[in-house]
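J.: Going down the list, the protein sequences come from chains A and B.
According to this note's numbering, the stretch in the first sequence is residues 1199 to 1422, in order.
According to this note's numbering, the stretch in the second sequence is residues 6 to 436, in order.
Backbone N, C-alpha and C define an ideal beta-carbon position, used for all residues, glycine too.
Just so we're clear, the structure is a prediction, and the values are computed from it rather than from any experiment.
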Amino acid sequence: MKILIIEDENDLADSISEYLSEEKYLCEFAKTFNQALDKIESFNYDCILLDIMLPDGNGMNILEELKRQDKQDGVIIISAKNALDDKIKGLQIGADDYLTKPFHLSELSARIYSVIRRKQFGNSNTVRQNELEIDLLAKTISVHNHPVILTKKEFDLLLYFVGNKNRVISKSTLAEHLSGDFADMLDNHDFVYAHIKNLKKKLSEAGCESYLKTVYGTGYKWEG
Amino acid sequence: MGRMNRLLNKSLKSFTIYALIVLAASVPAYLYLVDSIWLRELDEHNEIVADRTENELNKLQLSETELNQSIVLWNKIQPGTNLQKTTLEKNRKDSTYTVSRKNPYVTHEDIDRFRGLSRVIEINGENYLLTLETNVEETEETVVAIAILTFLFFLILVVGFLILNRRLSVKLWQPFKNTLAKLKAFNLNSQSNISFEKSNIIEFEELNVALNKLIEHTVSVYKSQKEFTENASHELQTPLAIIKNKLDILLQKETLTDRQYQIIEDINNALTRVSRINKNLLLLAKIENHQFDDNETINLAELTIQCLEQLQEHFLNKELSVKTNIEKDFSITGNKMLIEILINNLLLNSIRHNSQKGTVEVKLNSSGFIISNSGNIALDKEHLFKRFKKTSNENSGSGLGLAIVEQICKRHHWTITYEFQQETHILKISF
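1) Would you kindly check if the distance between the Cβ of B/Leu352 and the Cβ of B/Cys312 is under 8 Å?
2) Is the shortest distance between the beta-carbon of B/Asn213 and the beta-carbons of chain A less than 8 Å?
3) Three or more beta-carbon pairs under 8 Å between the segment 1293-1307 of chain A and the segment 246-257 of chain B, yes or no?
4) Any beta carbon of chain B sitting closer than 8 Å to that of A/His1344?
5) Could you list which residues in chain A have their beta carbon closer than 8 Å to that of B/Gln257, in chain order?
6) Return helix, strand or coil for B/His239, following the three-state DSSP convention.
7) Measuring only between beta-carbons, confirm whether B/Thr420 sits less than 8 Å from chain A.
8) For A/Ile1214, decide whether its Cβ has a neighbour in chain B, counting only Cβ atoms nearer than 8 Å.
9) Give the straight-line distance between the Cα atoms of B/Ser336 and B/Leu343, rounded to the nearest whole angstrom.
10) On the criterion of 16 or more Cβ atoms from any shown chain inside 10 Å, does B/Gln412 qualify as buried, or is it exposed?
11) In whole angstroms, what separates the C-alpha of A/Leu1202 from that of A/Asp1284?
12) Could you tell me which of A/Ala1404, A/His1393 and A/Lys1237 sits nearest to A/Thr1349, measuring between CA atoms?
13) For the beta strand (DSSP E) that contains A/Pro1345, what are its first and last residues?
14) Indicate whether at least one CB of chain A lies closer than 8 Å to the CB of B/Ala290.
15) Please classify B/Glu259 as buried or exposed, where buried requires at least 16 neighbouring CB atoms within 10 angstroms.
16) Quick check on this structure: which residue in B/Leu405, B/Asn283, B/Glu138 and B/Leu188 has the alpha carbon closest to the alpha carbon of B/Val54?
17) Pull out every residue of the segment 176-187 of chain B whose Cβ sits closer than 7 Å to any Cβ of chain A, in chain order.
18) Under 8 Å between C-beta atoms, does B/Tyr423 make it to chain A?
19) Could you tell me whether any Cβ in chain B is nearer than 8 Å to the Cβ of A/Gly1415?
20) Go ahead and pull the three-state DSSP assignment for B/Gln426.
21) Taking the C-alpha atoms as reference points, what is the distance between A/Lys1265 and A/Phe1231?
22) Taking Cβ positions only, does A/His1375 come closer than 8 Å to chain B?
23) Where DSSP assigns a beta bridge to A/Ala1228, which residues make up the other side?
24) Any idea which residues DSSP pairs A/His1252 with across the strands?
25) Does the Cβ of B/Gln426 have 16 or more other Cβ atoms within 10 Å, making it buried, or fewer, making it exposed?
26) Within 10 angstroms of the Cβ of A/Lys1367, are there 16 or more other Cβ atoms? Answer buried if so, exposed if not.
27) Going by beta-carbon coordinates alone, are A/Asp1249 and A/Asp1206 separated by less than 8 Å?
28) Give the residues from the segment 331-351 of chain B that approach chain A closer than 9 Å (Cβ to any Cβ), ordered along the chain.
29) Look at the alpha carbon of B/His417 and the alpha carbon of B/Phe233, and state the distance between them as a whole number of angstroms.
30) Does the contact criterion of 3 or more C-beta pairs under 8 Å hold for the segment 1325-1342 of chain A versus the segment 235-245 of chain B?
31) Expressed to the nearest angstrom, what Euclidean distance is found between the alpha-carbon atoms of A/Glu1216 and B/Gly380?
32) Would you mind reading off the limits of the beta strand (DSSP E) that contains B/Asn183?
33) So, are the CB atoms of B/Thr103 and B/Leu134 less than 8 Å apart?
34) Check whether the Cβ of B/Met6 lies closer than 8 Å to any Cβ atom in chain A.
35) Is the distance from the Cβ of B/Asn340 to the Cβ of B/Lys368 below 8 Å?
36) So, is B/Ala34 buried or exposed, given that buried needs 16 or more other C-beta atoms within 10 angstroms?
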């Protein structure tokens, strides 16, 4: 899997690439608008991470260029701006997702996973891990071919873990993922624990191996 | 603040007092002047009479007995005049005097004042002392007349001042009032500049110039402060993102101990708070910069229910009992994103500042939007909506939640009030 990171901030690009290369993604960099244009013209990527604020141009134009060239690369916009207009415009021009800085790498990884799955597996988008089968399109799961009913949040969590296999994900990260903008406004993150407990219970009751491990007391890791 | 006075009334008062003093001082001056003119004229008159008497009597060439008879007769029929033999020298200096005497011809008490002249005249070679007295206006009467006249002039002056004052205050102060009206209407936030009308009066023009300078400076400071907030917030996003990502990577190290994991988690939590403060500051700056449209029609009832549902697990988590009384399909005009933030902030506050198993009540109808929750102590009304003013000792918030709520209300021209009644915090937004 090839990923293009269009980001002028070296530290950020390095961290992203370090995290993603563990997932067997191959990362390439473009630090300027022109470099990015060169790269997208010459190669195809499974996913492009696009910072729309580049020193020598607006990332939106790269998006337009991709569309003009009829490229099928998945695009996730990463922006320091949380402007709704930008978000809507970006998604309209053809971006697949929009992420506001600062974000967790696990969040990025889960989104990349979803974008790539959606782009490449289209209509039969199912992930299988031994007895566990996840239908990303229908948002359902089954264990040993028996459907297991999950709440929206539980399914969301499961997908997050699958998109971050063998990674340690902390409780605060999950809280941010689940409650979005206002995680820090809540007194405690116990609600994360409640969802995870329910998810674990449903999976094990259906006869699924316990792939979800607790680490360091309050961290989690999906093994697979 | 003490009693307020108009500026012109102040000067009017001073002018009136000054006029009163001057006019009052003029009374004795006039009196002295009139009296001395009177006396001089009467002295002259008496001298003329004396000269004539001397001449006429000498012209008559009377014999001594005839003269003596005439003098007796003269003294009888001419009261106030006296002629009698004297041993005084002819070249003695005339003497003048003023005397007050009862009038013998009227029944009521009346004192008259007389001006007298006594002179030695020579008739038929003998020296006689002639005394002449002429009635003079009494001082008291003159004083009264002058005082009445002066008072009349004083009244005319004051009435004139009042009328002039009224006219002038309208005309003279017009440029000032124009300037004042513009200043009152000026709003720093509206991002419009102020332009004062030109005035040909030096003082007002100077005022306008000074005000213009002040406003220009204020506007530019205000602008740069807002820009600073916005730029600083933007610039902070990237380093924050770097820290966050580095922590994510650190978290994957296999040699990590539980203690180290906990430290990373603590940093993560603090970092989330910083990001939140940063985002909220940016949001505030944007609201203040009017970067949001507000012409959407929003089904507030539906939006509120949606927000309640999203937060339901947190209500459950704290075992809060939620009562709702929401008028179906109640709609308003505004910016959806901002209103959603407003509802969420208020609801989250009702969760955070609540006790376990407390209550939350949400009411919505045309009279307003009320969110109330159980609590122990009243919060400080004055600082509640201020930025970074912690009104409780719970410190996980960004300190900006209610400041944002207030800004959003302002933006939509709503008012928000806080009450604490019967162990309940009540926040009410009136549309």
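T.: Per the coordinate set shown:
1) The residue labelled residue 312 of chain B in the question sits at position 307 within the second sequence. The residue labelled residue 352 of chain B in the question sits at position 347 within the second sequence. For B/Cys312 and B/Leu352, yes; Cβs fall inside 8 Å.
2) Position 208 of the second sequence, counting from 1, holds the residue named residue 213 of chain B. With 8 Å as the cut-off, B/Asn213 does not count as an interface residue toward chain A.
3) yes
4) In the first sequence, residue 1344 of chain A corresponds to position 146, counting from 1. With 8 Å as the cut-off, A/His1344 does not count as an interface residue toward chain B.
5) As a position in the second sequence, residue 257 of chain B is number 252, starting the count at 1. Near B/Gln257 (Cβ distances below 8 Å), the residues of chain A are Tyr1217, Glu1220, Arg1365 and Val1366.
6) In the second sequence, the residue the question calls residue 239 of chain B occupies position 234. Of the three classes helix, strand and coil, the one that applies to B/His239 here is helix, per DSSP.
7) In the second sequence, residue 420 of chain B corresponds to position 415, counting from 1. Cβ-Cβ to chain A under 8 Å: no for B/Thr420.
8) Mapped onto the first sequence, residue 1214 of chain A falls at position 16. Yes, its Cβ sits closer than 8 Å to a Cβ of chain B.
9) Translated into the one-based positions of the second sequence, residue 336 of chain B becomes position 331. Translated into the one-based positions of the second sequence, residue 343 of chain B becomes position 338. Going by C-alpha positions, B/Ser336 is about 15 Å away from B/Leu343.
10) By 1-based counting over the second sequence, the position of residue 412 of chain B is 407. Label assigned to B/Gln412: buried.
11) In the first sequence, counting from the first residue as 1, residue 1202 of chain A sits at position 4. In the first sequence, counting from the first residue as 1, residue 1284 of chain A sits at position 86. If you take the alpha carbons of A/Leu1202 and A/Asp1284, they lie about 21 Å apart.
12) Along the first sequence, read from residue 1 onward, the residue named residue 1349 of chain A stands at position 151. Of A/Ala1404, A/His1393 and A/Lys1237, the residue nearest in Cα terms is A/His1393.
13) As a first step, residue 1345 of chain A must be located in the first sequence, where it is residue number 147. It spans His1344 to Val1346 - the beta strand (DSSP E) in which A/Pro1345 sits, taken as one unbroken run.
14) In the second sequence, counting from the first residue as 1, residue 290 of chain B sits at position 285. By this cut-off, B/Ala290 is not an interface position.
15) Indexing the second sequence from 1 puts residue 259 of chain B at position 254. Exposed, by the Cβ-count rule.
16) What you label residue 54 of chain B is simply residue 49 of the second sequence in a count that begins at 1. For B/Val54, the nearest C-alpha among the options comes from B/Glu138.
17) Within the segment 176-187 of chain B, no residue has a Cβ lying closer than 7 Å to any Cβ of chain A.
18) Within the second sequence, numbered from 1, the residue matching residue 423 of chain B stands at position 418. With 8 Å as the cut-off, B/Tyr423 does not count as an interface residue toward chain A.
19) Sequence index remark: in the first sequence, residue 1415 of chain A carries index 217 (1-based). Yes, its Cβ sits closer than 8 Å to a Cβ of chain B.
20) Start at 1 with the first residue of the second sequence, and residue 426 of chain B comes out as number 421. Three-state result, B/Gln426: strand.
21) Within the first sequence, numbered from 1, the residue matching residue 1265 of chain A stands at position 67. Within the first sequence, numbered from 1, the residue matching residue 1231 of chain A stands at position 33. Rounded to whole angstroms, A/Lys1265 to A/Phe1231 spans 16 Å at the Cα level.
22) Counting from 1 along the first sequence, the entry for residue 1375 of chain A is found at position 177. So no, A/His1375 is outside the interface.
23) In the first sequence, counting from the first residue as 1, residue 1228 of chain A sits at position 30. Answer by DSSP bridge pairing, in chain order: A/Ile1204.
24) The residue labelled residue 1252 of chain A in the question sits at position 54 within the first sequence. Correcting the residue type first, residue 1252 of chain A is Leu in the shown sequence and not His. A/Leu1252 is bridged to A/Gly1255.
25) Start at 1 with the first residue of the second sequence, and residue 426 of chain B comes out as number 421. Under this definition B/Gln426 is an exposed residue.
26) For the purposes of this step, residue 1367 of chain A is identified with residue 169 of the first sequence, where counting begins at 1. Before going on, a small fix: residue 1367 of chain A reads as Ile here, not Lys. Classification for A/Ile1367: buried.
27) Stepping through the first sequence from its first residue, residue 1249 of chain A is reached at position 51. Stepping through the first sequence from its first residue, residue 1206 of chain A is reached at position 8. For A/Asp1249 and A/Asp1206, yes; Cβs fall inside 8 Å.
28) Met342, Ile346, Asn349 and Asn350
29) Residue mapping note: residue 417 of chain B aligns to position 412 of the second sequence, counting from 1. Residue mapping note: residue 233 of chain B aligns to position 228 of the second sequence, counting from 1. Taking the straight line from one Cα to the other gives about 25 Å.
30) no
31) For the purposes of this step, residue 1216 of chain A is taken as the residue at position 18 of the first sequence. For the purposes of this step, residue 380 of chain B is taken as the residue at position 375 of the second sequence. Those two C-alpha atoms are separated by around 48 Å.
32) Sequence index remark: in the second sequence, residue 183 of chain B carries index 178 (1-based). Boundaries for B/Asn183: no beta strand (DSSP E) harbours it, while the alpha helix (DSSP H) harbouring it runs Gln179 to Ala190, taken from the DSSP string.
33) Counted from its first residue, the second sequence places residue 103 of chain B at position 98. Counted from its first residue, the second sequence places residue 134 of chain B at position 129. The answer is no: Cβ separation not under 8 Å.
34) Start at 1 with the first residue of the second sequence, and residue 6 of chain B comes out as number 1. Annotation note: pLDDT 42 at B/Met6 (below 50); position unreliable, coordinate value reported separately. Chain A, which has no Cβ nearer than 8 Å to the Cβ of B/Met6, makes this no.
35) As a position in the second sequence, residue 340 of chain B is number 335, starting the count at 1. As a position in the second sequence, residue 368 of chain B is number 363, starting the count at 1. No.
36) Within the second sequence, numbered from 1, the residue matching residue 34 of chain B stands at position 29. Exposed, by the Cβ-count rule.
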